[in-house]
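These notes concern the structure reproduced below.
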Amino acid sequence: MKAREDACVLRYTNESFKSVADLTSAFHVSDTSNSSVTNVAGVNATLWSLMSRLAAEAAVSELRLAKGSQVYKGSKGISQVIYGLAQCTRDLNASECSRCLTYFVEELLSSSFSVEINDAVKGYSCNVAYKIGEDFDSYLFHEKDPSPGTRRTLGILAGVTGGSIAFVICTGTLVCILLRHRSIKAREQEVDVFHDDPLEDNTFDKGTGPRRFRYRELATAAGFFSDEEKLGEGGFGSVYKGYLKDMDLQVAIKRVSKSSQQGRKEYISEVKIISRLRHRNLVQLIGWCHGSGELLLVYELMPNGSLNSHIHSQKNVLSWQLRHGIVLGIGSALVYLHQDWEQCVLHRDIKPSNILLDASFNAKLGDFGLARMVDHERQSHTTAVAGTMGYMDPECMLSGSASTTSDVYSFGVVLLEICCGRRPIVVVQDSEEYATMHLVQWVWECYGRGRIIDAADARLNGEFDGDEMERVMITALWCAHPDRTLRPSIRQAIGVLRMEAPLPSLPTNMPVATFMPPMHHLQRESGATTGSSSGSAGTKHSSITTKTSSLPR
Numbered sequence: 001m002k003a004r005e006d007a008c009v010l011r012y013t014n015e016s017f018k019s020v021a022d023l024t025s026a027f028h029v030s031d032t033s034n035s036s037v038t039n040v041a042g043v044n045a046t047l048w049s050l051m052s053r054l055a056a057e058a059a060v061s062e063l064r065l066a067k068g069s070q071v072y073k074g075s076k077g078i079s080q081v082i083y084g085l086a087q088c089t090r091d092l093n094a095s096e097c098s099r100c101l102t103y104f105v106e107e108l109l110s111s112s113f114s115v116e117i118n119d120a121v122k123g124y125s126c127n128v129a130y131k132i133g134e135d136f137d138s139y140l141f142h143e144k145d146p147s148p149g150t151r152r153t154l155g156i157l158a159g160v161t162g163g164s165i166a167f168v169i170c171t172g173t174l175v176c177i178l179l180r181h182r183s184i185k186a187r188e189q190e191v192d193v194f195h196d197d198p199l200e201d202n203t204f205d206k207g208t209g210p211r212r213f214r215y216r217e218l219a220t221a222a223g224f225f226s227d228e229e230k231l232g233e234g235g236f237g238s239v240y241k242g243y244l245k246d247m248d249l250q251v252a253i254k255r256v257s258k259s260s261q262q263g264r265k266e267y268i269s270e271v272k273i274i275s276r277l278r279h280r281n282l283v284q285l286i287g288w289c290h291g292s293g294e295l296l297l298v299y300e301l302m303p304n305g306s307l308n309s310h311i312h313s314q315k316n317v318l319s320w321q322l323r324h325g326i327v328l329g330i331g332s333a334l335v336y337l338h339q340d341w342e343q344c345v346l347h348r349d350i351k352p353s354n355i356l357l358d359a360s361f362n363a364k365l366g367d368f369g370l371a372r373m374v375d376h377e378r379q380s381h382t383t384a385v386a387g388t389m390g391y392m393d394p395e396c397m398l399s400g401s402a403s404t405t406s407d408v409y410s411f412g413v414v415l416l417e418i419c420c421g422r423r424p425i426v427v428v429q430d431s432e433e434y435a436t437m438h439l440v441q442w443v444w445e446c447y448g449r450g451r452i453i454d455a456a457d458a459r460l461n462g463e464f465d466g467d468e469m470e471r472v473m474i475t476a477l478w479c480a481h482p483d484r485t486l487r488p489s490i491r492q493a494i495g496v497l498r499m500e501a502p503l504p505s506l507p508t509n510m511p512v513a514t515f516m517p518p519m520h521h522l523q524r525e526s527g528a529t530t531g532s533s534s535g536s537a538g539t540k541h542s543s544i545t546t547k548t549s550s551l552p553r
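Its first residue numbered 1, the sequence shown is counted upward by one per residue in UniProt numbering.
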């Protein structure tokens, strides 16, 4: 059992959780009622820089706490201060604290609107938060000891609370023992989590190809989900390595957190969509299980993990030949999703952690938890904002209108990341100071100077085909053009990458796109990522009050 109120946490269980970060629960708390921010890129770049620094400082702090601030300039040249806070529970060592904070910072920034003035993600092991224009002096995560005058009162409260907690723990222990005996029997039976929605269950069983497994089959295959078999952990569950004896097949089994409403939604979306798709560059869904109170997805095992784990590795540098093949593989998958399948599939979360690599380093796009199907005539879907900051089309982030062009934007950012070996937000030195900017902006500046090859990953030591590198990076800039009406379709982009069409003519300076955001509340939908992915367990609303928004260079 777990419960929290502001900065207070109460937990009890029959299993030890001390010194292990809990990443399964993340709660968003935000306030957007007071004012707005118009400098989208400036705020996002500053937030990434500030929160990443605080996460690193908190992990090595004795109190597991760090606070700080950083200045950014608004679109009218007015400076404002962003205050940030990062904190872990003190039972975590530096490594576990860093793991928790790194994940929560991504949760905080990958799903936040640019207009939010006060935002936080709180969990049971760590918390991260930022405020624009207001310090954290009144924040509830205190690092100071109580004053002498309050210690007597606190002692009385501690005694009363301690007795109450002891009673609750004893009662809870008895309940856990009873539930444990019941759960053993329940595992033998298929108790459907969709018993209240038979239509959902019938829809699942209509799928062809992937099969429905029983819980015991998958639990046995994954060593009953032991830590030794764990491959990774995301916002809505963990992924385990498994072996299906009857199929003589190594698989990856994703155990979705059944307590998360968003995790349940993404589970349904994943099965409904990916079970119907067949392409060599898409991760294959082997089967699924939503019996015995569990949500399980079974995929083909990708021996080389995600692209994210390779593209930024200092030890094993991917050759240009492998990178170029990955670029074409991702593009081929998107052509199938956008144009060649019976309906248009919008992925909405294209990023390196959702691109998996098989034994031969062939790229396969996965994680369809945020995907949506639309008719080919529409090719757009107005919905809650979803995706990962840095890869999201800025206009989509404000309007909530996902489309094939927003997928193409994400594709362009990923191509630049593959070519440059840099993350979407880069740090550059300006005189004696360091500044942050988006990767698209940085590469476009190199392009404007006629030195786009300078942006190539230095770890390649020049061992690449210069014409191919230039072609991929220019195509990437075309895909990430600030004006979505000037972006190519994915088929046009692939034509250029395969040298079937000439390079596009782009302006020397990165254009500034101006658009009108909708004047209504948008509900934010989290981006999850198992591959990394990435998502949060809550929802929030944001009121956009600006009349026009510009995407600065």
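Just so it is clear, CB atoms sit at the ideal spot from N, CA and C, and this is done for glycine as well.
- The C-beta separation of residue 256 from residue 297 comes to about 7 Å, placing the pair in contact by the 8 Å criterion.
- The three-state secondary structure of residue 82, taken from DSSP, is strand.
- Secondary-structure assignment with DSSP links residue 253 through a beta bridge to 240 and 298.
- Classified as exposed, residue 512 has fewer than 16 neighbouring CB atoms from the shown chains inside 10 Å of its CB.
- Per DSSP, residue 283 lies in no alpha helix (DSSP H) and is assigned neither H nor E.
- Beta-bridge analysis with DSSP links residue 355 to 365.
- In this structure, DSSP gives residue 248 a state outside helix and strand, which the three-state scheme calls coil.
- Remark: C-beta atoms of residue 307 and residue 353 approach each other more closely than 9 Å.
- Residue 104 counts as buried, since at least 16 other C-beta atoms from the protein chains shown sit within 10 angstroms of its C-beta.
- In terms of Cβ geometry, residue 481 and residue 407 do not form a close pair [threshold 9 Å].
- When the alpha-carbon of residue 268 is set against those of 289, 345, 121 and 284, the nearest one is in 289.
- An exposed status is given to residue 465, since fewer than 16 other beta-carbon atoms sit within 10 Å of its beta-carbon.
- Straight-line spacing of the CA atoms in residue 282 and residue 57 works out to 39 Å.
- Between residue 252 and residue 299, the C-beta spacing is below 9 Å.
- In the structure shown, residue 44 falls within a helical segment according to DSSP collapsed to helix, strand and coil.
- Judged by their CB atoms, residue 391 and residue 351 are nearer to each other than the 9 Å cut-off.
- Comparing C-alpha distances from residue 125 to each of 99, 108 and 136 shows the shortest one belongs to 99.
- A residue is called buried once 16 or more other Cβ atoms fall within 10 Å of its Cβ, and residue 210 is buried on that count.
- Non-local beta-carbon contacts of residue 108 in its own chain, meaning distances under 6 Å to residues more than five positions away in sequence, involve 121 and 128 in chain order.
- Within its own chain, the residues whose Cβ lies closer than 6 Å to the Cβ of residue 294, once the five positions on either side in sequence are excluded, are 215, listed in chain order.
- It is roughly 6 Å from the alpha-carbon of residue 376 to the alpha-carbon of residue 343.
- Rounded to the nearest whole angstrom, the C-alpha separation of residue 272 and residue 367 is 12 Å.
- Secondary structure remark: continuous alpha helix (DSSP H) runs of at least 4 residues inside the region 394-438, in chain order: 394-399 and 404-420.
- At the C-beta level, residue 97 and residue 59 come within 9 Å of one another.
- In this structure, residue 425 places its C-beta atom within 9 Å of the C-beta atom of residue 437.
- In the displayed model, residue 461 falls within coil according to three-state DSSP, outside both helix and strand.
- DSSP places residue 65 inside the beta strand (DSSP E), whose first and last residues are 65-73.
- Counting of Cβ neighbours within 10 angstroms places residue 173 among the exposed residues, the total staying below 16.
- The C-beta of residue 10 has fewer than 16 other C-beta atoms within 10 Å across all chains shown, which makes the residue exposed.
- Within the same chain, and ignoring the five residues on either side of residue 468 in sequence, the residues whose Cβ sits closer than 8 Å to its Cβ are 320 and 324.
- In the DSSP assignment, residue 473 falls within the alpha helix (DSSP H) that extends over 466-479.
- Closest in alpha carbon position to residue 239, among 305, 261, 29 and 411, is 305.
- In the DSSP secondary-structure assignment, residue 27 is bridged to 122.
- Just so you know, the alpha carbons of residue 69 and residue 84 end up roughly 6 Å apart.
- Its chain contains 221, 249, 250 and 251 as the residues whose beta carbon lies nearer than 8 Å to that of residue 243, once the 5 sequence neighbours on both sides are disregarded; these appear in chain order.
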